[in-house]
Amino acid sequence: MSSAAEAHPPAHPALAHHFEDLPAQREASTLGMWLFLVNEIMFFGGMLLAYGIYRELHYPAFVHASHHLDMRLGAINTAVLICSSLTMAMAVHSAAVGRRRAIVVYLLLTIALGSVFLGIKTKEYLDKFEAHLVPGPHFSAEHLHDENGSPLPAGEAREAQIFYSLYFGLTGLHALHMVIGIPILGVVALLAHRGRFGPAYYTPVELTGLYWHFVDIVWIFLFPLLYLIGRHH
Amino acid sequence: MSEHVVPVRVYLAVFAALLVLTAVTAGVATVDLGIWNTPVALGIAVLKAVLVILFFMHVKYSPHLIWIAIGAAFFWLLTFFAGTAADYLSRGYLGTPGS
Numbered sequence: 049m050s051s052a053a054e055a056h057p058p059a060h061p062a063l064a065h066h067f068e069d070l071p072a073q074r075e076a077s078t079l080g081m082w083l084f085l086v087n088e089i090m091f092f093g094g095m096l097l098a099y100g101i102y103r104e105l106h107y108p109a110f111v112h113a114s115h116h117l118d119m120r121l122g123a124i125n126t127a128v129l130i131c132s133s134l135t136m137a138m139a140v141h142s143a144a145v146g147r148r149r150a151i152v153v154y155l156l157l158t159i160a161l162g163s164v165f166l167g168i169k170t171k172e173y174l175d176k177f178e179a180h181l182v183p184g185p186h187f188s189a190e191h192l193h194d195e196n197g198s199p200l201p202a203g204e205a206r207e208a209q210i211f212y213s214l215y216f217g218l219t220g221l222h223a224l225h226m227v228i229g230i231p232i233l234g235v236v237a238l239l240a241h242r243g244r245f246g247p248a249y250y251t252p253v254e255l256t257g258l259y260w261h262f263v264d265i266v267w268i269f270l271f272p273l274l275y276l277i278g279r280h281h
Numbered sequence: 149m150s151e152h153v154v155p156v157r158v159y160l161a162v163f164a165a166l167l168v169l170t171a172v173t174a175g176v177a178t179v180d181l182g183i184w185n186t187p188v189a190l191g192i193a194v195l196k197a198v199l200v201i202l203f204f205m206h207v208k209y210s211p212h213l214i215w216i217a218i219g220a221a222f223f224w225l226l227t228f229f230a231g232t233a234a235d236y237l238s239r240g241y242l243g244t245p246g247s
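In the order they appear, the protein sequences are chains A and B.
Just so you know, the first sequence maps onto residues 49 to 281 in this note's numbering.
Just so you know, the second sequence maps onto residues 149 to 247 in this note's numbering.
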């Protein structure tokens with residue numbers, strides 16, 4: 049007859065008592081994270097729908113307002129975020145195969161790339177502040193032009209403010225998600241440095257990855273919708 | 149849940165595809181496709197999102213319960229978009245599509 053120790057090997061320290069085993073715990077955690085992300089999809093979805101309606105109502109103003117955005121910086125930021133998604137995926141992969149030092153390195157790279165994105169975004173916001181394109185009492189359309197370089201008519205200038213409200217709302221919420229994500233990545237990197245994660249258990253790395261990739265997906269939609277309208281005119 | 153370790157070459161292939169599609173979407177935006185500019189831009193964005201969800205987010209290797217949760221979410225989102233668009237269009241606020 050086998051001893052009690054053999055019948056019940058010591059449980060992994062991360063296993064909560066109400067779960068049968070680590071895979072069951074991991075599946076429950078992953079589903080929980082997805083339910084949170086599904087809420088986030090609805091949250092951004094509502095705002096994107098508002099964008100879609102106003103864009104159809106005021107299409108020429110939206111095109112002229114959008115032309116003031118720097119398409120090159122937008123494209124560079126898209127590439128930066130995609131690179132950060134790769135380093136994040138590599139952090140999860142390193143945990144799954146048990147390369148503990150690599151988890152920390154890839155998480156730090158993800159933080160660095162996320163910070164580059166926010167730095168470029170800050171530069172873009174600064175340009176908009178200087179051009180008086182921030183909605184509010186000081187909004188002015190004097191830096192906006194139509195295809196022929198003429199100033200916008202009064203009605204369009206007013207509608208351009210709606211575009212910039214949606215621009216700051218959408219990119220601001222997206223940036224807020226990154227500002228929240230970077231400290232979370234830092235905590236996970238610290239835990240990884242202390243050797244908490246290995247092939248048997250790396251759920252926090254995996255779930256932080258899901259969040260980070262979700263933020264990337266939001267930007268994948270924001271880039272064409274905000275920066276690339278009517279660029280062929 | 150099966151412990152599926154995604155090979156690195158899959159990640160690299162998805163990464164390359166995402167960068168190429170970003171270049172394509174930026175390039176094609178400067179070409180006049182008539183009414184097709186927006187559908188093409190959104191189509192590329194959806195393709196990129198699907199690549200990220202399936203591979204970077206491991207949904208391809210996830211249990212069916214996760215697929216159901218995500219599928220239900222996108223179905224509801226489309227219902228929400230379609231219902232609102234139908235309301236605006238039927239009241240004539242947005243003009244006739246395609247005209």
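Positions of the beta carbon are idealized from the N, C-alpha and C atoms, including for glycine.
Every value quoted in this text rests on a predicted model; they were computed, and no experiment measured them.
Just checking: is the beta-carbon of residue i within a distance shorter than 8 Å of some beta-carbon in chain A?
i, result
"B/LYS208", "no"
"B/PRO211", "yes"
"B/LEU242", "yes"
"B/ILE214", "yes"
"B/ALA221", "yes"
"B/VAL153", "yes"
"B/THR170", "yes"
"B/ILE218", "yes"
"B/ALA189", "yes"
"B/LEU202", "no"
Can you look up residue i in the DSSP assignment and give me helix, strand or coil?
i, result
"A/HIS193", "strand"
"A/GLY184", "coil"
"A/GLY229", "helix"
"A/GLY217", "helix"
"A/TYR249", "strand"
"B/PRO155", "coil"
"A/PRO199", "strand"
"A/ALA109", "helix"
"A/GLU104", "helix"
"A/GLU178", "helix"
"B/ASP235", "helix"
"B/PRO187", "helix"
"A/MET81", "helix"
"A/ASP69", "coil"
"A/ARG149", "helix"
"A/ALA143", "helix"
"A/MET49", "Confidence at A/MET49 is low in this model, with a pLDDT of 49, below 50, so the placement of that residue is unreliable and no value is reported for it."
"B/MET205", "coil"
"A/GLY243", "coil"
"A/ASP264", "helix"
"A/GLY234", "helix"
What do you get for residue i, buried or exposed, if any count of 16 or more other CB atoms within 10 angstroms of its CB means buried?
i, result
"A/ALA59", "exposed"
"B/LEU166", "buried"
"A/LEU233", "buried"
"A/MET49", "In this prediction, A/MET49 has a pLDDT of 49, which is less than 50 and means its spatial position is unreliable; nothing more can be read from the coordinates."
"B/THR178", "exposed"
"A/PRO272", "buried"
"A/GLU68", "exposed"
"A/ALA53", "Note that A/ALA53 scores a pLDDT of 49, beneath 50, so its modelled location is shaky; the value from the coordinates is reported in the next line. A/ALA53 should be labelled exposed."
"B/ASP180", "exposed"
"A/GLU207", "buried"
"A/ILE89", "buried"
"A/ARG74", "buried"
"B/ILE218", "buried"
"A/HIS281", "exposed"
"B/THR227", "exposed"
"A/MET95", "exposed"
"B/TRP184", "exposed"
"B/LYS196", "buried"
"A/ARG279", "buried"
"A/VAL236", "buried"
"A/ILE130", "buried"
Measuring only between beta-carbons, confirm whether residue i sits less than 8 Å from chain B.
i, result
"A/ARG147", "no"
"A/ARG242", "no"
"A/THR78", "yes"
"A/HIS60", "no"
"A/MET226", "no"
"A/SER133", "yes"
"A/VAL86", "yes"
"A/THR251", "no"
"A/ILE230", "no"
"A/PRO216", "Rather than Pro, the amino acid found at residue 216 of chain A in this sequence is Phe. No, its Cβ sits nowhere closer than 8 Å to a Cβ of chain B."
"A/PHE91", "no"
With residue i and residue j assumed to form a contact (beta carbons below 8 Å), what rounded beta-carbon distance in angstroms separates them?
i, j, result
"B/VAL200", "A/SER133", "7 Å"
"A/PHE269", "B/ALA193", "5 Å"
"A/LEU258", "B/MET205", "6 Å"
"B/PHE334", "B/VAL158", "Within the shown structure, residues of chain B are numbered from 149 to 247, placing residue 334 of chain B beyond reach of any answer."
"A/GLY229", "A/VAL266", "Their Cβ separation, rounded to whole angstroms, is 11 Å, which puts A/GLY229 and A/VAL266 out of contact at 8 Å."
Evaluate contact between the region 158-170 of chain A and the region 191-199 of chain A, counting only Cβ atoms and requiring at least three cross-stretch pairs below 8 Å.
Flag = no, the region 158-170 of chain A and the region 191-199 of chain A do not touch.
Mind the definition here: the region 218-229 of chain A touches the region 156-176 of chain B only if three or more C-beta pairs lie below 8 Å; say whether that holds.
Cβ pair count under 8 Å is below three, so no.
- Are there three or more Cβ pairs, one per stretch, closer than 8 Å when the region 206-219 of chain A is compared with the region 97-104 of chain A? At 8 Å Cβ cutoff, the stretches touch.
Are the region 145-154 of chain A and the region 203-213 of chain A in contact at 8 Å, needing three or more beta carbon pairs? Flag = no, the region 145-154 of chain A and the region 203-213 of chain A do not touch.
Three-pair Cβ contact test at 8 Å for the region 182-193 of chain A versus the region 76-92 of chain A:
No, the region 182-193 of chain A does not touch the region 76-92 of chain A.
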